[in-house]
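In the numbering used here, the protein residues as written are -13 to 365.
Cβ atoms here follow ideal geometry from the backbone N, Cα and C, with glycine treated the same way.
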Amino acid sequence: MDKRQVKIIVLLLGFATSSLAQNVKELLQNPEKYSFEEFNSIEDSIEKIDFELYSDIIEIHEKEAFNRKDTLEIIKIHLWNVWELDKQAALNKFNFVLSLSNSKDYIKYRTTILHNLGVYHYNELNNPVVALDYFIQSLKLADQFNYLTLITDNLNSIASIKSEYFQERQAIFLLKYSLNFAAKNKRNIENYPTTYAVIVDNLAKTYLSINKIDSARYYCDIGLEYSKTIKEKYILDNFITLNAKIDFYDGIFFKSRDTLVKYLKFGNDYEKLDSYFYLSQISKILKGEEEELKYLLKYDSILDLLKSPPLEQTFKVYNKLLDYNNYSNEEFMKKFIFYDSLRKHQLSLYEKISNDNFDIPFLKREFNFTKKSISTFLC
-13 MDKRQVKIIV LLLGFATSSL AQNVKELLQN PEKYSFEEFN SIEDSIEKID
37 FELYSDIIEI HEKEAFNRKD TLEIIKIHLW NVWELDKQAA LNKFNFVLSL
87 SNSKDYIKYR TTILHNLGVY HYNELNNPVV ALDYFIQSLK LADQFNYLTL
137 ITDNLNSIAS IKSEYFQERQ AIFLLKYSLN FAAKNKRNIE NYPTTYAVIV
187 DNLAKTYLSI NKIDSARYYC DIGLEYSKTI KEKYILDNFI TLNAKIDFYD
237 GIFFKSRDTL VKYLKFGNDY EKLDSYFYLS QISKILKGEE EELKYLLKYD
287 SILDLLKSPP LEQTFKVYNK LLDYNNYSNE EFMKKFIFYD SLRKHQLSLY
337 EKISNDNFDI PFLKREFNFT KKSISTFLC
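See below:
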């Protein structure tokens, strides 16, 4: 029996009261009879149930797009499934759809492709310099055709890189501009509530990174209240844990510790890593070095799961772990040297990413980009 048929039988058993399994069976047998909207609907339903079958349907969807010579659908389906591929296959797909998007009929999708290329280079390839270039290309195109959602998304992405590479003041400038821009155009921004929450979150975290505690709390409070209105639990949880980290700087140690421990189970590995770092500092104050060591070791235990951990933070953790072991632990020493080398490489990228003039046309139209004007806007 064909493996796909076995999967359909399983679907039939699990969805006896629905038509999903029957639709999947018919689509696999006669894909030409299905519209692309129907493909999308079935894919959405299958993805979380059986990813392998979902991938099979995506492959058929892609072939149908070519068979029907539908360029727009080819672009859309390539962008949809590129994230599950290996590096070279993903880049090949990106380059292919980029070549298809030269026509003015597909210019909006070219803007999206450039943005996604930026995301891919930043998140998957850990190449912020190339990512920044793609985000700026996408932003210029979005500005040219007034694609408000992509203007906002690209501003946020550029600000994230600026913040990570020690250009927090530029990041804050961009985020404040983005926040005002999004609020002014909220009816035309896709997923506006989530976008607004993300910008506010980035502002609070960027202020926190430069120890502007009052400003960090101001934006965190905005985010807390706003997240209660949009009823997205993961967004609310994020602001609750961020508020707990701000509490640490204000000396509210018990509340900070209790909240971070409570919400550990809800966070992803990056969020857990950050919480362990804060908990190590709080525990040292409240219970002493032995309790601090417990959380430093937990930090170490999940670090290898992450593609791009926060390097300054990680450098501090291994410095402390080595100190606890009188600099005699060979494993910690290797990790210390490794992450220190990455940290120095990160610092070397600073000049490549730095650009006081912000190569962003519509911002240049509105502001004279000098350090004085940036400082005035940040006040």
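Buried or exposed by the 16-neighbour rule on C-beta atoms within 10 Å, applied to Asp244 = It counts as exposed.
task = Decide if Asp236 is buried, meaning its Cβ has at least 16 other Cβ atoms within 10 Å, or exposed.
result = Classification of Asp236: exposed, given that the 10 Å Cβ count is below 16.
message = Buried or exposed for Ala157, going by 16 or more other Cβ atoms inside 10 Å?
response = buried
inquiry  = For Glu70 and Lys280, what's the separation of their Cα atoms in angstroms?
reply    = 36 Å
key: Local conformation of Ile232 per DSSP, three classes   = If DSSP states are grouped into helix, strand and coil, Ile232 belongs with the helices.
With 16 other Cβ atoms within 10 Å as the buried cut-off, status of Val247 = exposed
query = If you run the structure through DSSP and keep just helix, strand and coil, what is Asn112?
reply = coil
ask   = In three-state DSSP terms, what is Asp255?
value = Note: Asp255 maps to helix in three-state DSSP.
ask   = Straight-line CA distance for Val105 to Tyr182?
value = 19 Å
ask   = Looking at the unbroken alpha helix (DSSP H) that takes in Asn78, where does it start and where does it end?
value = Lys73 to Leu86
ask   = Are the Cβ atoms of Phe208 and Val184 separated by less than 7 Å?
value = The sequence shown places Ile at residue 208, rather than the Phe named in the question. No, the pair does not count as a contact, with Cβ atoms beyond the cut-off.
task = Would you kindly check if the distance between the Cβ of Tyr336 and the Cβ of Tyr151 is under 7 Å?
result = yes
query = In or out: Arg96 buried (at least 16 other Cβ within 10 Å) or exposed?
reply = buried
ask   = Is it right to say Leu333 is buried, meaning 16 or more other beta carbons lie within 10 angstroms of its own, or is it exposed?
value = Counting every other CB atom within 10 Å of its CB across the protein chains shown gives Leu333 a total below 16, marking it as exposed.
ask   = For Pro179, does the three-state DSSP call read helix, strand or coil?
value = helix
task = Check the C-beta distance from Leu125 over to Leu103 and give it rounded, since I have them as a contact under 8 Å.
result = Going by Cβ atoms, the distance from Leu125 to Leu103 rounds to 13 Å, so no, they are not a contact pair.
ask   = So what's Gln153 in DSSP terms, helix, strand or just coil?
value = Reduced to three states, the DSSP call for Gln153 is coil.
request  = Tell me where the alpha helix (DSSP H) around Leu291 begins and ends.
outcome  = Careful: Leu291 lies outside any alpha helix (DSSP H) and carries neither H nor E.
query = In three-state terms, what does DSSP make of Arg54?
reply = coil
query = Looking at C-alpha atoms only, which residue of Gln299, Lys306, Ser146 and Asp260 is the closest neighbour of Phe318?
reply = Lys306
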